[in-house]
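In my numbering, the protein residues as written are 64 to 354.
Below is the structure:
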């Protein structure tokens with residue numbers, strides 16, 4: 064295939080013939096990023112821009128210098144979590160090694176669809192998740208999956224709960240007697256409703272439990288709601304506790320919620336909005352955690 068029309072720095076050529084152009088481009092981009100980071104203390108944490116127009120896509124491509132000018136504007140007008148004045152319990156300052164790691168994995172571009180396509184990362188994912196699961200007291204049966212964010216982690220965790228507690232993995236939900244429902248705090252994340260919708264449970268299956276003045280789940284209202292749901296012919300199968308809510312960082316009384324869930328045979332899911340994108344579970348257990 065003829066690629067002579069492409070700039071010399073479009074790809075890293077396998078024969079290394081464009082090494083100088085590649086190094087020059089990387090250096091220019093890194094200089095902009097480093098300059099933006101090291102001067103972040105002098106800028107506000109919030110961006111001042113109101114409207115941003117990316118411009119038109121050119122079928123002939125965009126010259127490198129124009130891309131660098133766009134990058135300058137993007138860096139200057141983006142949220143600035145690097146300043147000491149920024150307090151972010153979700154989007155905090157990244158470590159330098161994690162930024163470099165992102166570059167390495169992107170450059171390698173292995174697809175974790177199968178072991179053959181990603182022999183190192185496929186094994187690394189299993190090992191890392193097992194170590195994290197062990198940190199929470201799970202044995203060798205503990206494991207999990209990495210996702211792109213909290214919403215998908217929530218979906219994954221509730222899918223495990225639904226399939227195990229309701230035994231619907233093969234037959235589906237149509238054979239159930241009584242509407243299956245999930246109990247969550249009234250201050251819980253909206254991704255729970257989205258997950259219920261995608262799992263075929265419907266948003267009406269998400270039952271809100273009262274919270275106190277500290278945005279923590281009311282354990283007495285939780286038990287009251289569970290009893291009433293059973294009396295109404297509903298089928299409560301899971302309760303979601305939160306270890307760090309999105310807005311306030313509040314932590315539910317997890318041990319008390321766990322005791323209540325165990326008392327009524329419900330699955331306990333514990334979610335934390337301080338870390339994102341990992342769903343941890345123990346095989347044939349009644350608990351999932353997502354971070």
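Glycine included, every Cβ here is placed at the ideal spot set by N, Cα and C.
Three-state secondary structure (DSSP) of residue i
{"i": "residue 305", "result": "strand"}
{"i": "residue 310", "result": "coil"}
{"i": "residue 74", "result": "coil"}
{"i": "residue 332", "result": "strand"}
{"i": "residue 260", "result": "helix"}
{"i": "residue 273", "result": "coil"}
{"i": "residue 297", "result": "coil"}
{"i": "residue 251", "result": "coil"}
{"i": "residue 198", "result": "helix"}
{"i": "residue 282", "result": "helix"}
{"i": "residue 245", "result": "strand"}
{"i": "residue 317", "result": "helix"}
{"i": "residue 203", "result": "coil"}
{"i": "residue 289", "result": "helix"}
{"i": "residue 83", "result": "helix"}
{"i": "residue 338", "result": "Because residue 338 carries a pLDDT of 44, less than 50, the predicted location of this residue cannot be relied on, and the following value inherits that uncertainty. Here residue 338 sits in coil by DSSP."}
{"i": "residue 344", "result": "Residue placement at residue 344 is poorly supported in this model, since its pLDDT is 48, which falls under 50; the coordinates still yield a value, given next. Reduced to three states, the DSSP call for residue 344 is strand."}
Between the CA atoms of residue j and residue i - distance to the nearest angstrom
{"i": "residue 149", "j": "residue 156", "result": "9 Å"}
{"i": "residue 115", "j": "residue 71", "result": "30 Å"}
{"i": "residue 354", "j": "residue 316", "result": "With a pLDDT of 41 at residue 354, under the threshold of 50, the modelled position of that residue is not reliable, and the figure given next carries that caveat. Their Cα atoms are separated by approximately 18 Å."}
{"i": "residue 251", "j": "residue 194", "result": "28 Å"}
{"i": "residue 296", "j": "residue 255", "result": "22 Å"}
{"i": "residue 104", "j": "residue 84", "result": "32 Å"}
{"i": "residue 161", "j": "residue 179", "result": "25 Å"}
{"i": "residue 352", "j": "residue 334", "result": "The pLDDT assigned to residue 352 is 47, lower than 50, so where the model puts this residue is not dependable, and the model offers no usable value."}
{"i": "residue 108", "j": "residue 144", "result": "6 Å"}
{"i": "residue 226", "j": "residue 77", "result": "47 Å"}
{"i": "residue 260", "j": "residue 102", "result": "45 Å"}
{"i": "residue 266", "j": "residue 218", "result": "13 Å"}
{"i": "residue 362", "j": "residue 202", "result": "The shown model of the chain, from 64 to 354, leaves out residue 362, and the question about it has no answer."}
{"i": "residue 185", "j": "residue 123", "result": "37 Å"}
{"i": "residue 82", "j": "residue 74", "result": "10 Å"}
{"i": "residue 92", "j": "residue 111", "result": "23 Å"}
{"i": "residue 208", "j": "residue 258", "result": "16 Å"}
{"i": "residue 292", "j": "residue 154", "result": "38 Å"}
{"i": "residue 268", "j": "residue 213", "result": "20 Å"}
{"i": "residue 100", "j": "residue 90", "result": "15 Å"}
{"i": "residue 129", "j": "residue 308", "result": "41 Å"}
{"i": "residue 56", "j": "residue 182", "result": "Residue 56 lies beyond the residue range present for the chain, which begins at 64 and ends at 354; the question has no answer from this structure."}
{"i": "residue 196", "j": "residue 204", "result": "9 Å"}
{"i": "residue 98", "j": "residue 138", "result": "10 Å"}
{"i": "residue 127", "j": "residue 278", "result": "50 Å"}
{"i": "residue 242", "j": "residue 211", "result": "30 Å"}
{"i": "residue 290", "j": "residue 305", "result": "21 Å"}
Per-residue burial, residue i [other beta carbons within 10 Å of its own, 16 or more giving buried]
{"i": "residue 69", "result": "exposed"}
{"i": "residue 170", "result": "exposed"}
{"i": "residue 79", "result": "exposed"}
{"i": "residue 173", "result": "exposed"}
{"i": "residue 163", "result": "exposed"}
{"i": "residue 280", "result": "buried"}
{"i": "residue 313", "result": "buried"}
{"i": "residue 200", "result": "exposed"}
{"i": "residue 320", "result": "buried"}
{"i": "residue 142", "result": "exposed"}
{"i": "residue 253", "result": "exposed"}
{"i": "residue 237", "result": "exposed"}
{"i": "residue 168", "result": "exposed"}
Three CB pairs or more closer than 8 Å across the segment 292 to 308 and the segment 235 to 253: yes
At least 3 beta-carbon pairs within less than 8 Å: the segment 308 to 326 vs the segment 278 to 298: yes
Complete runs of the alpha helix (DSSP H) confined to the segment 205 to 240 [at least 4 residues]: If we require 4 residues or more, the alpha helix (DSSP H) runs fully inside the segment 205 to 240 come out as 213 to 229.
Segments assigned beta strand (DSSP E), at least 3 residues, entirely inside the segment 86 to 147: none
The segment 267 to 281 touching the segment 216 to 234, judged by at least three CB pairs closer than 8 Å: The segment 267 to 281 makes no contact with the segment 216 to 234: fewer than 3 CB pairs, one atom from each, lie closer than 8 Å.
Contact the segment 190 to 204 vs the segment 126 to 137: 3+ CB pairs below 8 Å: no
4-residue-minimum alpha helix (DSSP H) runs that sit fully inside the segment 154 to 193, ordered along the chain: 159 to 171
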